[in-house]
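Numbering (the working numbering), first residue to last: 65 to 223.
Next comes the structure, spelled out in structure tokens:
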């Protein structure tokens, strides 16, 4: 009869220094086949939470780069604008001022959502659209800054 080999392995790391966490990233990367290593795959096999990794390195992509695994990142690039989420702290007046600033910088009264998102270092067009209910309504009436617009254009005095 063959002997069974038993292995005892901790379910968590003995210490959580940067080198320990980087070692865990590399260990899990060796277990997960394929060209990418997602945070979900990491969470499934790791002794460290992805939240801990994100906090330690500033994000999943940054953690993979620090571990020498940057080529295994498969997500979209997280920009500082996305990370700061400045729109959550802005009033309607703040958003209107930023929209005016961007429009004035290119000398036009109307902007596409893509243009605004590319030109504003603070917020993206989706935040403006969410706040005012519609991009078309807000971009065509730059004076209206009284608060959130309804998604129903008839309630926003739009023709």
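Here a beta-carbon is modelled for each residue, glycine too, at the ideal position from N, C-alpha and C.
Model, not experiment: these values are computed from the prediction.
With 16 or more other Cβ atoms from the protein chains shown falling within 10 Å of its own Cβ, residue 89 counts as buried. For the pair residue 195 and residue 156, the CB atoms are nearer than the 8 Å cut-off.
Rounded to the nearest angstrom, the Cβ distance from residue 184 to residue 166 is 5 Å, consistent with a contact under 8 Å.
CA-to-CA, the gap between residue 130 and residue 173 works out to about 44 Å.
The criterion of a C-beta distance shorter than 8 Å is satisfied by residue 99 and residue 136.
If you draw a straight line from the Cα of residue 83 to the Cα of residue 190, it comes to about 39 Å.
Going by DSSP, residue 154 is part of no alpha helix (DSSP H) at all; its letter is neither H nor E. The residue among 101, 153 and 145 with its C-alpha nearest the C-alpha of residue 182 is 145. The beta-carbon distance between residue 111 and residue 77, rounded to whole angstroms, is 5 Å. This is short enough to meet the 8 Å contact definition. Per DSSP, residue 79 is not a residue of any alpha helix (DSSP H), being assigned neither H nor E. One alpha carbon belongs to residue 134, the other to residue 171, and they sit about 40 Å apart.
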